[in-house]
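What follows is a single structure, written as structure tokens, with notes after it.
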Amino acid sequence: MKASNLLVSIVTCMASLTAYADPTSPITANQSELSGSVYRDLSKNVLFEGFAPDTFSLQLLQAKNSFHKYDLVFGGSVEADLQQWQGDKILMSPYGIYQSGTGAYLTQATLDIMENFSSWSTLFFSVADSHIGRPAPNGNYIYLPHAAAVLGNLDKLPVYLTLGISSIPFGIFTGSGTWDSPLTASYFSPNQAPQISLGYFKNGWNFAAAGYSDQVNHENLFAYNASYTKSNDTYSYSLGAGYLNDLKSNTTGEPSNQTKQNLDGQDMGAIVEFNASVVYREVGLNGEYLRGNAILQPNTDIPKAFAITATYTPTIAGKDTPFGITYSKTIHLNLIPGTLTGANTLQLAADGLRTNWACSVSRPIFTPNIYLGFDFERSTTYTDHHTYTGTVDLTAFI
32 MKASNLLVSI VTCMASLTAY ADPTSPITAN QSELSGSVYR DLSKNVLFEG FAPDTFSLQL
92 LQAKNSFHKY DLVFGGSVEA DLQQWQGDKI LMSPYGIYQS GTGAYLTQAT LDIMENFSSW
152 STLFFSVADS HIGRPAPNGN YIYLPHAAAV LGNLDKLPVY LTLGISSIPF GIFTGSGTWD
212 SPLTASYFSP NQAPQISLGY FKNGWNFAAA GYSDQVNHEN LFAYNASYTK SNDTYSYSLG
272 AGYLNDLKSN TTGEPSNQTK QNLDGQDMGA IVEFNASVVY REVGLNGEYL RGNAILQPNT
332 DIPKAFAITA TYTPTIAGKD TPFGITYSKT IHLNLIPGTL TGANTLQLAA DGLRTNWACS
392 VSRPIFTPNI YLGFDFERST TYTDHHTYTG TVDLTAFI
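Quick note: our numbering has the sequence shown finishing at residue 429, numbered continuously throughout.
Next up, the structure:
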């Protein structure tokens, strides 16, 4: 059996077994700290797949205290999508014409495993099969989002260390919903990579410094991130900034988008990033701004991008139902290929993407761990061609 088919079988089987189960119950009844138990992440109201990439190690350390020593914890998700897209004819890279179509996709299956070795050490591993059933080189792409050891105990020391493959602690890159990926992420989000990351967290302050190996151009790079978060029962706010010493245009966006990695990348130089967010009761607003320091040909100035997202999360029929809208824009990224939202995000606009609007809504259905989402996006290229994409997203958290 192929590895991709095996992964799908395992994850689908687990999803079918847990879809109608109580997500607050452990898989086994053994509660001994000496021998450990087997849990689902949802059994302790933890959701690995919901962790923010820039603070993944920190959130993992905070979540591990919900479990006992030697506990083995499973998580993951299965995502399927139905899409329809239409608009102007857009030149793709590699060469092709993108205009209209409809498709149903098994987008990704992910399996997460956490092992609590001690109060000071945690091993986290996840494997994903992306664009299942699609032809090569983009389809059935198996990769490791995470395969790392996280060392630290925040109750005793505010310092933590990450060794292995993990998300780069840089940028927030958040959109309005499950499917929405703003243009800031398409052009400036670095892929997961092997790294050594040192972090500090205390009284809402979080600092992280990482050295990592770019797996496309095989370069050693550095990233730095600092943020402050304050929250209570009524409101929360955060401020953050980041610095990445070098970034190529073909090492950004989703790691499953292998088409982009086959393109020659231009050097965007060092990247600086600023972000802020505020939430008051059901209403939230966040923004992010990034800029490089090297000009990408044939542009005449340094590349920039920003994204603004507004959310409203009322309780409807006893369930939180987030509504969101995101506007993102790039500057001086003409003729730098960007990811189109239709065709399961496998296509790249050769002229580059200048603006993107996205509106999203999602809510649990049947059980608390199955979400149905709707997303509508309007993208505009640098040649003023428009495309419109509607996506129905079904995600089951294992």
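Backbone N, C-alpha and C define an ideal beta-carbon position, used for all residues, glycine too.
Use the C-beta contact count for residue i: other C-beta atoms within 10 angstroms, 16 or more gives buried, fewer gives exposed.
| i | result |
| --- | --- |
| Trp151 | exposed |
| Thr331 | exposed |
| Val69 | exposed |
| Asp415 | exposed |
| Phe204 | buried |
| Pro360 | Correcting the residue identity first, residue 360 is Lys in this sequence and not Pro. So Lys360 counts as buried. |
| Val314 | exposed |
| Thr346 | exposed |
| Trp236 | exposed |
| Ala167 | exposed |
| Leu275 | buried |
| Tyr243 | buried |
| Glu64 | For Glu64, the predicted model reports a pLDDT of 45, less than 50, meaning its position is unreliable; a value from the coordinates is still stated below. By the 10 Å Cβ count, Glu64 comes out exposed. |
| Gly132 | exposed |
| His249 | exposed |
| Ile196 | buried |
| Ser262 | exposed |
| Asp72 | buried |
| Phe397 | exposed |
| Gln226 | buried |
| Tyr311 | exposed |
What separation, rounded to the nearest whole angstrom, lies between the Cα atoms of residue i and residue j?
| i | j | result |
| --- | --- | --- |
| Ser56 | Thr265 | Its pLDDT being 47, under 50, Ser56 is placed unreliably in this model, and the value from its coordinates should be taken loosely. Looking at the two C-alpha atoms, the distance is approximately 30 angstroms. |
| Ser6 | Thr138 | Look at the range of the chain in this structure, 32 to 429, and you will see that residue 6 is not part of it. |
| Ile302 | Tyr343 | 31 angstroms |
| Ala60 | Leu78 | Unreliable positioning characterises Ala60 in this predicted model, as indicated by a pLDDT of 38, which lies under 50. A coordinate reading is not provided. |
| Gly273 | Ala135 | 37 angstroms |
| Asn147 | Tyr413 | 49 angstroms |
| Tyr51 | Leu103 | Because Tyr51 sits at a pLDDT of 41, beneath the cut-off of 50, its placement in the model cannot be relied upon, and the point is left open. |
| Phe105 | His99 | 14 angstroms |
| Gln90 | Glu80 | 11 angstroms |
| Ile145 | Gly107 | Here residue 145 turns out to be Met, not Ile, going by the sequence shown. The straight-line gap from Cα to Cα measures roughly 11 angstroms. |
| Asn400 | Ala83 | 18 angstroms |
| Tyr402 | Ser212 | 18 angstroms |
| Pro200 | Ala336 | 19 angstroms |
| Asn317 | Phe87 | 19 angstroms |
| Arg322 | Thr215 | 10 angstroms |
| Asn169 | Gly373 | 14 angstroms |
| Ala341 | Phe354 | 8 angstroms |
| Ile362 | Ala381 | 16 angstroms |
| Leu182 | Thr193 | 6 angstroms |
| Ser228 | Asn184 | 15 angstroms |
| Ser47 | Thr426 | Residue confidence is low: Ser47 scores 46 on pLDDT, short of 50, so the model does not pin down where it sits. Its coordinate-derived value is still stated next. Each residue's alpha carbon lies about 13 angstroms from the other. |
| Thr153 | Tyr126 | 45 angstroms |
| Ser432 | Thr422 | The chain is shown only over 32 to 429; residue 432 falls outside these bounds and no answer can be derived. |
| Asn96 | Pro189 | 15 angstroms |
| Val309 | Tyr259 | 12 angstroms |
| Glu110 | Thr141 | 9 angstroms |
| Ile429 | Ser410 | 33 angstroms |
| Asp277 | Gly67 | 43 angstroms |
| Tyr231 | Ser149 | 20 angstroms |
| Tyr180 | Gly404 | In the sequence as presented, Tyr is not what sits at residue 180; that position holds Ala. C-alpha separation (whole angstroms): 33 angstroms. |
| Thr386 | Lys233 | 38 angstroms |
By Cβ distance, which residues of its chain are closer than 8 angstroms to residue i, with the 5 residues on each side in sequence left out?
| i | result |
| --- | --- |
| Val247 | Asn222, Lys279, Asn281, Thr282, Gln292, Gly296 |
| Asn375 | Asp112, Gln114, Gly134, Tyr136, Thr138, His162, Arg165 |
| Ser198 | Pro84, Asp85, Phe87, Pro176, His177, Gln223 |
Quick one: measure Cβ to Cβ for residue i and residue j, integer angstroms, because I've assumed they're closer than 8 angstroms.
| i | j | result |
| --- | --- | --- |
| Asp25 | Asp424 | Given that the chain is displayed from residue 32 to residue 429, the structure contains no residue 25 and the question cannot be resolved. |
| Ile367 | Gly383 | 5 angstroms |
| Tyr218 | Gly369 | 7 angstroms |
| Gly202 | Ser220 | 6 angstroms |
| Ala307 | Ser269 | 7 angstroms |
| Glu285 | Glu304 | Incorrect: roughly 18 angstroms between the Cβ atoms, too far for contact. |
Take residue i and list the residues in its own chain whose beta-carbon comes closer than 6 angstroms to its own, dropping the five residues that flank it on each side.
| i | result |
| --- | --- |
| Cys390 | Ile356, Phe407 |
| Ala94 | Val77 |
| Asn365 | Asn330, Gly383, Tyr413 |
| Pro395 | Lys350, Tyr402 |
| Asp53 | Low confidence applies to Asp53: its pLDDT is 46, below 50, so where it sits in the model is not reliable enough to give any reading. |
| Thr420 | Trp116, Thr372, Gly373, Glu408 |
| His417 | Gly118, Asp119, Thr411 |
| Gly271 | Ser258, Asn306 |
I'd like the list of long-range same chain contacts for residue i, defined as Cβ closer than 7 angstroms, with 5 residues on each side in sequence excluded.
| i | result |
| --- | --- |
| Gln378 | Met123, Tyr129, Leu371 |
| Asp245 | Ala224, Leu252, Thr282 |
| Asn324 | Gly300, Ala301, Ile333 |
| Phe156 | Ile144, His177, Ala178 |
Review point. Fully enclosed by the segment 221 to 287, which beta strand (DSSP E) runs are 3 residues long or longer?
Key: 224 to 233, 236 to 244, 251 to 262, 266 to 275
Point to revise | Segments of 4+ residues assigned as alpha helix (DSSP H) that fall wholly inside the segment 77 to 159 | key: 87 to 95
Exercise for review: Only counting runs of 3 or more residues, tell me where the beta strand (DSSP E) segments fall wholly within the segment 163 to 228, in order along the chain.
Suggested key: 172 to 182, 190 to 197
Point to revise | beta strand (DSSP E) runs contained entirely in the segment 389 to 424, provided each spans 3 or more residues | key: 398 to 412
**Study point:** Length-filtered (3 minimum) beta strand (DSSP E) runs lying within the segment 303 to 359
**Key:** 314 to 322, 335 to 343
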